[in-house]
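Counting in the working numbering, the sequence shown runs from 1 upward without gaps.
Don't be surprised by glycine CBs; every beta carbon is placed ideally from N, CA and C.
What follows is a set of notes on a single structure, which appears directly below.
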Amino acid sequence: MSITRSAFRFNLVLIAVWALVFLVTACEDKKAPEKAKTEENTQEKPEQDSATTLKPADTAAKDEAKPVDAVDPTKVEGPVEAADPTAAAEPVAGVPAEPVEPVGEKGRETVMIQADKGEVEFLHWEHQAEIECATCHHTMEADGGKAQSCKNCHGAKDGVPSMEKAAHTRCKGCHKGNDGPIDCDGCHEM
């Protein structure tokens with residue numbers, strides 16, 4: 001009889017755990033449509049807002065760049081400076097280079113970056129919760145505290161690393177030190 005009671009109690013505990021998981025999942029599912037609506041209201045589609053869409057760097061720069069594994073991220077110190085951070089940025093793909101106008105208090109929640117290995121969904125708000133803005137937006141001080149889009153310099157100005165090289169050096173280096181994804185499919189939607 002005690003075996004039957006033990007089995008009954010075990011099943012009762014399993015049902016309680018299942019119900020708890022179901023309730024938590026249901027609450028998250030209710031939040032997801034609200035979050036999606038908020039994102040729709042705060043973000044324009046990438047084809048309408050070129051400030052969030054970065055074009056792949058030219059292939060000539062890629063051929064001259066060192067492979068990602070050849071770059072030692074522990075030896076990269078401080079922010080990467082542009083050749084002349086006060087110079088006006090050149091237009092990229094017919095889009096004038098302008099400061100990114102933030103949507104909300106601290107910018108976009110996500111930024112979609114076009115890349116040869118597949119699109120990268122950069123989780124901007126997640127990163128800015130842990131990292132100072134100027135860590136990535138190197139020219140903020142020279143630009144009067146305004147954050148520029150990466151594409152305004154990377155791949156657009158001479159003497160500035162391509163977007164691919166900059167991301168693979170700085171982002172991958174930081175990810176290695178902070179247990180972030182370092183494999184291609186960790187960032188690229190392949």
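Neighbourhood of P181 by C-beta, 7 Å cutoff - its chain only, sequence neighbours within 5 removed: If you ignore the 5 residues before and after P181, its C-beta comes within less than 7 Å of the C-beta of H175 and C187, all in its own chain and listed in chain order.
Whole-angstrom distance between I131 and V100, CA atom to CA atom: Because V100 carries a pLDDT of 48, less than 50, the predicted location of this residue cannot be relied on, and the following value inherits that uncertainty. Straight-line Cα distance between these residues: approximately 18 Å.
8 Å Cβ cutoff met for M140 and C150: No, they are not a contact pair.
Where C153 falls, given that 16 or more other Cβ within 10 Å makes a residue buried: In summary, C153 is buried, with 16 or more beta-carbon neighbours lying within 10 Å of its beta-carbon over all protein chains present.
Between the CA atoms of D179 and A156 - distance to the nearest angstrom: Taking the straight line joining both Cα atoms gives about 31 Å.
F122 - partner residues in DSSP beta bridges: V111.
G173, buried or exposed, once every other Cβ within 10 Å from all chains shown has been counted against 16: Around the beta carbon of G173, a 10 Å sphere encloses 16 or more other beta carbons of the protein chains shown; the residue is thus reported as buried.
Between the CA atoms of A7 and P46 - distance to the nearest angstrom: Low confidence applies to P46: its pLDDT is 42, below 50, so where it sits in the model is not reliable, and the reading given next is rough at best. Across the structure, P46 and A7 are spaced so that their CA atoms are roughly 55 Å apart.
Residues of its chain near T110, where Cβ-Cβ distance is below 7 Å and the 5 sequence neighbours each way are ignored: In its chain, beyond the 5 residues on either side, E121, F122, L123 and H124 have a beta carbon closer than 7 Å to the beta carbon of T110.
Residues sharing a beta bridge with H188, DSSP: When DSSP reads this structure, H188 sits in a beta bridge with V120.
Residue interval of the alpha helix (DSSP H) (run including K172): Taken as a continuous stretch (DSSP letters only), the alpha helix (DSSP H) holding K172 covers K172 to G177.
Through-space distance from H168 to I113, alpha-carbon basis: Rounded to whole angstroms, I113 to H168 spans 13 Å at the Cα level.
Heavy atom of the ligand COA within 7 Å of L23 beta-carbon: The ligand content of the structure shown is nil, which means the ligand COA is not present either.
Assigned secondary structure, V160 (DSSP; H/G/I helix, E/B strand, else coil): Under the three-state reduction of DSSP, V160 is assigned to coil, being neither helix nor strand.
For K117 and D185, the rounded distance between their alpha carbons: Looking at the two C-alpha atoms, the distance is approximately 9 Å.
Chain C within 8 Å of H124, Cβ atoms only: Chain labels in this structure do not include chain C; a single protein chain is all it has.
Segment limits, alpha helix (DSSP H) that includes C133: Where C133 is concerned, the enclosing alpha helix (DSSP H) stretches over C133 to C136.
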